[in-house]
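So this is what it looks like as structure tokens:
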């Protein structure tokens with residue numbers, strides 16, 4: 003934790019009103035905390051633009067485990083990348099549908115490649131990569 | 003699984019080129035599969051617009067577990083919503099930083115409310131809600 | 003939490019010495035806490051003797067995901083029991099070996115049946131059921 | 003996978019009957035598979051006797067998250083051992099009770115030390131270490 007600096011930000015009052023309403027709905031009790039979150043979010047996004055940055059990301063997949071060989075293919079992709087995939091949480095949504103969340107850590111390039119391979123696999127109903135951070139320096 | 007229908011889509015050839023390059027990079031070997039994914043993604047987004055839709059979502063949080071009482075606050079929020087939070091995967095990134103992924107299921111409104119409460123908690127360095135689907139009807 | 007009652011326990015001094023050494027090694031700073039843990043452990047075991055008791059258990063499996071159809075079989079068993087299996091954590095140990103931990107909740111009978119089916123599946127290198135509790139009444 | 007060797011085992015017929023009944027109840031369709039599992043289980047146990055063996059283990063904990071500072075203490079122990087703790091799955095059993103399963107990898111000595119520290123923490127209602135294997139050589 004570093005020292006707190008107070009800065010001024012000039013804002014159109016209309017824009018500020020909308021922002022205040024937005025963050026109130028989001029549960030913020032403090033405007034500065036909301037600004038800090040926006041800045042950190044930008045910095046996280048930026049990190050992901052350099053292919054060699056060390057990043058952390060999660061991939062969320064929903065699929066029907068009855069699709070022939072789908073399970074095998076997804077497991078194969080994950081094991082080929084086992085240095086990148088830290089762990090996977092599997093929730094059985096119903097008799098057919100699975101949700102899987104993978105936590106990955108590695109270069110932005112490596113994490114994206116694994117995510118793309120999983121999400122584009124035929125039979126995956128919905129897949130999304132969520133980019134985040136190792137937490138260091140934020 | 004339903005029957006396959008073949009439809010025609012009229013596309014500017016420039017746009018098609020870009021799309022083909024994009025999906026090749028993403029790992030698709032089949033243009034129709036890429037289109038199906040785009041459509042399903044739209045439908046998932048749409049579901050989330052109705053507050054009472056039954057949805058599944060994941061929340062990814064990165065935080066420093068040394069921040070006073072942060073852990074307690076995040077656990078409290080999750081337990082108050084224990085009907086919505088199915089399970090949480092915790093990965094210890096380093097001596098200070100934690101990554102947590104929560105899998106939630108409930109109405110779009112309830113899932114968003116829990117996500118907002120967690121992400122806006124002071125001390126959370128980065129948080130994102132990833133919206134997905136129960137898989138039913140897709 | 004209920005009131006604390008102090009009771010006397012008569013013990014052979016040799017046995018007490020061994021017990022004290024044992025719990026010191028286990029990290030207990032307090033002999034009463036160690037006794038309480040022994041009692042709770044007994045009560046948990048007892049609960050599992052009645053087939054209809056509501057219990058919580060975890061199953062730990064290690065297997066080689068290259069074994070033909072093994073993944074499919076394990077997923078099938080879990081989905082057939084999706085009301086009992088709350089969620090599954092998958093860790094990729096190396097290029098070949100997977101560790102899976104399932105959290106289950108249900109009657110002692112149902113949880114045991116799923117655990118037995120998983121552990122006895124050909125190709126599973128090591129499997130164990132760990133019995134625990136819903137926490138209620140302990 | 004290595005070649006299959008067929009060996010003879012001399013057994014009292016009473017003992018064999020009991021064993022056959024036991025493994026039938028456990029879901030085995032094949033007596034040899036049941037024997038292989040017994041042998042592997044023995045080998046896993048043996049590995050854990052050498053403090054420096056590389057092992058994998060899971061710890062299952064049930065606790066009331068309302069107990070003052072319990073959450074913080076358990077997180078602290080896990081982070082101090084973050085090289086050993088691969089990941090943790092948290093399930094919210096009800097408004098009060100949490101189940102946590104940790105997957106650990108390291109020397110038998112290190113894994114046991116972390117397990118003991120967690121299980122002996124005051125406020126943990128039930129805790130168990132489940133020993134297993136990295137899968138290599140089995």
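Residue numbers (the numbering used here), protein chains in the order written: chain A, 3 to 140; chain B, 3 to 140; chain C, 3 to 140; chain D, 3 to 140. Even glycine gets a Cβ: it sits at the ideal position worked out from N, Cα and C.
Checklist entry - Residues of chain B with CB under 8 Å from residue 95 of chain C, in chain order? => result Position 93 of the third chain, counting from 1, holds the residue named residue 95 of chain C. The contacting residues do not exist; residue 95 of chain C stays about 15 Å from chain B at best.
Checklist entry - Would a C-beta distance cut-off of 8 Å place residue 46 of chain A and residue 24 of chain B closer than the cut-off? => result For the purposes of this step, residue 46 of chain A is taken as the residue at position 44 of the first chain. For the purposes of this step, residue 24 of chain B is taken as the residue at position 22 of the second chain. Not in contact: residue 46 of chain A and residue 24 of chain B (Cβ atoms no closer than 8 Å).
Checklist entry - Listed in chain order, which residues of the segment 79-90 of chain D have Cβ atoms closer than 7 Å to some Cβ of chain B? => result Those would be 80, 81, 84, 87, 89 and 90, in chain order.
Checklist entry - Under three-state DSSP, which class holds residue 205 of chain D? => result Any answer about residue 205 of chain D is impossible in this case: the structure gives chain D only from 3 up to 140.
Next on the checklist: Using the Cβ count rule (16 or more neighbours within 10 Å means buried), how would you classify residue 139 of chain D?
Outcome noted: Locating residue 139 of chain D in the fourth chain gives position 137, counting from the first residue. Looking at its Cβ environment, which holds fewer than 16 other Cβ atoms inside 10 Å, residue 139 of chain D is exposed.
Checklist entry - At a Cβ threshold of 8 Å, is residue 60 of chain A touching chain C? => result Here residue 60 of chain A refers to the residue found at position 58 of the first chain. Output row for residue 60 of chain A: interface = no.
Item to check | Spatially closest choice to residue 52 of chain C from C:110, C:28 and C:63, by CA coordinates | outcome: If you number the third chain from 1, residue 52 of chain C lands on position 50. Checked all of C:110, C:28 and C:63; the closest Cα to residue 52 of chain C is C:110.
Checklist entry - Run through DSSP, which three-state label would residue 1 of chain D get? => result The shown model of chain D, from 3 to 140, leaves out residue 1 of chain D, and the question about it has no answer.
Item to check | Candidates D:131, D:133 and D:112, of which the one nearest residue 54 of chain D by Cα | outcome: Indexing the fourth chain from 1 puts residue 54 of chain D at position 52. Taking residue 54 of chain D as reference, the option from D:131, D:133 and D:112 with the minimal CA-CA separation is D:112.
Item to check | Helix, strand or coil at residue 3 of chain D [DSSP, three-state] | outcome: Your numbering for residue 3 of chain D matches position 1 in the fourth chain. Residue placement at residue 3 of chain D is poorly supported in this model, since its pLDDT is 47, which falls under 50; the coordinates are not used for a value here.
Next on the checklist: With a threshold of 8 Å between beta-carbons, can residue 26 of chain B be considered close to chain A, or not?
Outcome noted: For the purposes of this step, residue 26 of chain B is taken as the residue at position 24 of the second chain. With 8 Å as the cut-off, residue 26 of chain B does not count as an interface residue toward chain A.
Next on the checklist: Check whether the segment 78-85 of chain D and the segment 115-135 of chain D are in contact - that is, three or more C-beta pairs closer than 8 Å.
Outcome noted: Touching, yes.
Next on the checklist: Less than 8 Å between the beta carbons of residue 99 of chain A and residue 126 of chain A, yes or no?
Outcome noted: Locating residue 99 of chain A in the first chain gives position 97, counting from the first residue. Locating residue 126 of chain A in the first chain gives position 124, counting from the first residue. Cβ distance not < 8 Å, so residue 99 of chain A and residue 126 of chain A don't count as in contact.
Checklist entry - Under 8 Å between C-beta atoms, does residue 77 of chain C make it to chain G? => result As a matter of chain content, chain G is missing from the structure shown, whose protein chains are A, B, C and D.
Next on the checklist: For chain D, check one thing: does any of its Cβ atoms lie closer than 8 Å to the Cβ of residue 128 of chain B?
Outcome noted: Counting from one through the second chain, the residue named residue 128 of chain B turns up at place 126. It does not; no Cβ of chain D falls within 8 Å.
Item to check | As assigned by DSSP and simplified to three states, the class of residue 9 of chain D | outcome: Within the fourth chain, the letter at position 7 stands for residue 9 of chain D. Looking at residue 9 of chain D - three-state DSSP - the assignment turns out to be coil, as it is neither helix nor strand.
Checklist entry - Taking Cβ-Cβ distances shorter than 8 Å, what residues in chain B pair up with residue 35 of chain A? => result Here the question's residue 35 of chain A lines up with position 33 in the first chain. Using a Cβ-Cβ cut-off of 8 Å, residue 35 of chain A is close to 122 and 124 of chain B, given in chain order.
Checklist entry - If you draw a straight line from the alpha carbon of residue 16 of chain D to that of residue 22 of chain D, how long is it in whole angstroms? => result Within the fourth chain, residue 16 of chain D is the residue found at index 14, counting from 1. Within the fourth chain, residue 22 of chain D is the residue found at index 20, counting from 1. When the Cα atoms are used, residue 16 of chain D and residue 22 of chain D turn out to be separated by approximately 10 Å.
Item to check | Spatial distance of residue 78 of chain B from residue 135 of chain C (CA atoms) | outcome: Start at 1 with the first residue of the second chain, and residue 78 of chain B comes out as number 76. Start at 1 with the first residue of the third chain, and residue 135 of chain C comes out as number 133. Their backbone Cα atoms lie some 21 Å apart in a straight line.
Item to check | According to DSSP, residues forming a beta bridge with residue 107 of chain C | outcome: The residue given as residue 107 of chain C occupies position 105 in the third chain. Residue 107 of chain C pairs with C:58.
Next on the checklist: Do residue 103 of chain A and residue 60 of chain A have their beta-carbon atoms positioned less than 8 Å apart in this structure?
Outcome noted: What you label residue 60 of chain A is simply residue 58 of the first chain in a count that begins at 1. What you label residue 103 of chain A is simply residue 101 of the first chain in a count that begins at 1. With contacts defined as CB atoms closer than 8 Å, residue 60 of chain A and residue 103 of chain A qualify as a contacting pair.
Checklist entry - What three-state label does DSSP hand residue 130 of chain B in the structure shown? => result Taking the second chain and counting its residues from 1, one reaches residue 130 of chain B at position 128. The answer is strand: DSSP assigns residue 130 of chain B an E or B state.
Checklist entry - Does residue 66 of chain D get closer than 8 Å to chain C when you measure Cβ to Cβ? => result For the purposes of this step, residue 66 of chain D is taken as residue 64 along the fourth chain, with counting starting at 1. Look at residue 66 of chain D: its C-beta is under 8 Å from a C-beta on chain C.
Item to check | Under 9 Å by beta carbon: chain A residues contacting residue 32 of chain C | outcome: Within the third chain, numbered from 1, the residue matching residue 32 of chain C stands at position 30. Chain A residues near residue 32 of chain C: none, gap ~34 Å exceeds 9 Å.
Next on the checklist: Just verifying my parser: in three-state terms, what is the DSSP assignment at residue 93 of chain A?
Outcome noted: One-based indexing of the first chain puts residue 93 of chain A at position 91. Looking at residue 93 of chain A - three-state DSSP - the assignment turns out to be strand.
Item to check | According to DSSP, residues forming a beta bridge with residue 82 of chain C | outcome: Counting from one through the third chain, the residue named residue 82 of chain C turns up at place 80. In the DSSP assignment, residue 82 of chain C forms no beta bridge with any residue.
Next on the checklist: For residue 95 of chain D and residue 58 of chain C, which I take to be in contact (beta-carbon distance under 8 Å), what is that distance rounded to the nearest angstrom?
Outcome noted: Position 93 of the fourth chain, counted from the first residue, corresponds to residue 95 of chain D. Position 56 of the third chain, counted from the first residue, corresponds to residue 58 of chain C. The pair is a contact, with the Cβ atoms about 7 Å apart (cut-off 8 Å).
Next on the checklist: Counting only C-beta atoms, is residue 74 of chain D closer than 8 Å to chain B at any point?
Outcome noted: Here residue 74 of chain D refers to the residue found at position 72 of the fourth chain. Interface flag for residue 74 of chain D against chain B is set, since a Cβ pair is found closer than 8 Å.
Item to check | Cα-Cα separation between residue 26 of chain D and residue 124 of chain C, rounded to whole angstroms | outcome: For the purposes of this step, residue 26 of chain D is identified with residue 24 of the fourth chain, where counting begins at 1. For the purposes of this step, residue 124 of chain C is identified with residue 122 of the third chain, where counting begins at 1. About 14 Å.
Next on the checklist: Please confirm whether residue 141 of chain C has its beta-carbon closer than 8 Å to some beta-carbon of chain D.
Outcome noted: Shown here, chain C extends from 3 to 140; a query on residue 141 of chain C therefore has no answer.
Next on the checklist: Measuring only the C-alpha atoms, how far is residue 86 of chain B from residue 56 of chain B?
Outcome noted: Counted from its first residue, the second chain places residue 86 of chain B at position 84. Counted from its first residue, the second chain places residue 56 of chain B at position 54. When rounded, the separation of the alpha-carbon atoms in residue 86 of chain B and residue 56 of chain B is 11 Å.
Item to check | Rounded C-alpha distance that separates residue 18 of chain B from residue 88 of chain C | outcome: For the purposes of this step, residue 18 of chain B is taken as residue 16 along the second chain, with counting starting at 1. For the purposes of this step, residue 88 of chain C is taken as residue 86 along the third chain, with counting starting at 1. Roughly 44 Å between the two C-alpha positions.
Checklist entry - Just curious, the alpha helix (DSSP H) that residue 17 of chain A is in, first and last residue? => result To locate residue 17 of chain A, count along the first chain from 1; it is residue 15. Counting along the chain, the alpha helix (DSSP H) containing residue 17 of chain A begins and ends at 15-28.
Checklist entry - Between residue 41 of chain A and chain B, is there a C-beta pair that is closer than 8 Å? => result Taking the first chain and counting its residues from 1, the one referred to as residue 41 of chain A is at position 39. For residue 41 of chain A, the nearest beta carbon of chain B is not closer than 8 Å to its own beta carbon.
Item to check | residue 10 of chain D versus D:71, D:70 and D:33, residue with shortest Cα-Cα distance | outcome: The residue labelled residue 10 of chain D in the question sits at position 8 within the fourth chain. Considering only alpha carbons, the answer is D:33.
Checklist entry - Just to check, is the beta-carbon of residue 8 of chain D closer than 7 Å to a non-hydrogen atom of the ligand MN? => result Questions concerning the ligand MN fall outside what the structure shown contains, since it holds no ligand whatsoever.
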